[in-house]
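The block underneath contains the structure these notes are about, expressed in structure tokens.
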DNA sequence: CTTAATCCCATAGGTTATGTAGGGTTATGT
DNA sequence: ACATAACCCTACATAACCTATGGGATTAAG
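Chains as they are written, first to last, in this note's numbering: chain A, 1 to 129; chain B, 1 to 129.
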């Protein structure tokens with residue numbers, strides 16, 4: 001299940017994408033379009049900024065803006081930052097790999113399937129915003 | 001991410017599938033093949049039984065057994081019972097549908113994508129065990 | 001210089017999910 | 001009777017999730 005974090009992030013980013021090139025957009029404006037907790041959105045955008053997806057400008061006239069063109073931003077990136085791995089198991093994750101000690105990765109029938117799931121999900125999620 | 005519940009269930013079910021037709025298999029035997037908490041597995045198998053995936057027999061010589069041929073059992077069924085919806089959002093779930101009030105389902109760009117993700121996942125998960 | 005807008009940061013609470021553990025009850029075959 | 005095994009209830013520790021609060025730092029504009 002997609003977390004609210006990622007859901008809200010998706011909505012905020014689409015708004016930011018539509019605002020592309022028009023300077024920073026403050027949280028207050030984003031919330032006007034998508035009713036949600038301002039404080040919660042704040043932490044979300046902060047996290048996206050720390051992961052170099054967004055830039056920000058402080059003070060009056062400040063706000064958030066995309067650091068890359070919208071075409072280069074995908075849901076996969078958002079999810080990886082806010083929710084973690086796309087793969088259903090760490091042992092088949094591309095970006096969050098961890099060895100699993102209770103299944104040997106060679107013979108475990110599960111990780112084969114989960115790798116397929118990962119690829120299937122990715123094929124959809126890498127589409128641009 | 002797949003829960004441990006579903007992971008353990010998968011392993012237990014493959015063992016039960018291999019034991020098909022040879023009568024009930026007790027938890028003690030399953031655990032011998034897949035080292036895991038007996039108590040935890042107990043609750044898992046119980047849940048699968050309540051959802052008509054498994055049958056059980058008490059007492060000496062008792063244990064668990066599949067209620068259907070292995071070919072008719074898929075990971076999708078296991079996940080739905082133990083982890084819930086396959087779809088990343090309730091509003092696009094086939095088996096756990098719930099209206100979402102903060103996005104209107106017609107124009108929300110997210111649920112379209114998530115429906116695609118659901119289908120992509122399902123295509124893999126409906127394969128037989 | 002003052003004010004208002006805005007991002008920034010830390011913390012805390014309530015809820016739910018997760019994984020584990022203990023103890024006792026009931027049914028069954030020998 | 002006895003041993004085996006499923007069944008059921010409770011409790012707990014940890015983590016994740018979502019929201020809320022209070023303040024601090026920075027900037028633009030008047």
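Built from N, CA and C at the ideal position, the CB exists for glycine as well.
Look at the alpha carbon of residue 88 of chain B and the alpha carbon of residue 118 of chain B, and state the distance between them as a whole number of angstroms. 7 Å
Between residue 9 of chain A and residue 44 of chain A, how many whole angstroms is the CB-CB distance? I'm expecting something under 8 Å. 5 Å
Taking Cβ-Cβ distances shorter than 9 Å, what residues in chain B pair up with residue 10 of chain A? 109, 110 and 113
Proximity below 7 Å, CB of residue 63 of chain B to CB of residue 35 of chain B: no
Using 8 Å as the Cβ pair cut-off and three pairs as the minimum, do the stretch 109 to 117 of chain A and the stretch 43 to 58 of chain A touch? no
In whole angstroms, give me the CA-to-CA distance for residue 2 of chain B and residue 125 of chain B. 12 Å
I'd like the list of long-range same chain contacts for residue 127 of chain B, defined as Cβ closer than 8 Å, with 5 residues on each side in sequence excluded. 74 and 75
Output the boundary residues of the alpha helix (DSSP H) element that contains residue 28 of chain B. 27 to 33
Which of the three DSSP states is assigned to residue 5 of chain B in this structure? helix
Skipping 5 residues on each side, what residues in its chain have a beta carbon closer than 7 Å to that of residue 14 of chain A? 129
Can you give me the C-alpha to C-alpha distance between residue 51 of chain A and residue 68 of chain A, rounded to a whole angstrom? 12 Å
DSSP three-state label for residue 22 of chain B, please. coil
For residue 47 of chain A, tell me which candidate among A:71, A:12 and A:101 has the shortest Cα-Cα distance. A:12
Beta carbon proximity, residue 89 of chain B to chain A, threshold 7 Å: yes
Let me know the secondary structure DSSP gives residue 109 of chain B once reduced to three states. helix
Proximal residues to residue 78 of chain B (C-beta, below 8 Å), its chain only, five neighbours per side dropped: 6, 9, 10, 13, 48 and 53
Report the start-end ranges of each alpha helix (DSSP H) in the stretch 43 to 120 of chain B that is 4 residues or longer and not cut off at the edges. 75 to 82
Any beta carbon from chain B within less than 7 Å of residue 29 of chain A's own beta carbon? no
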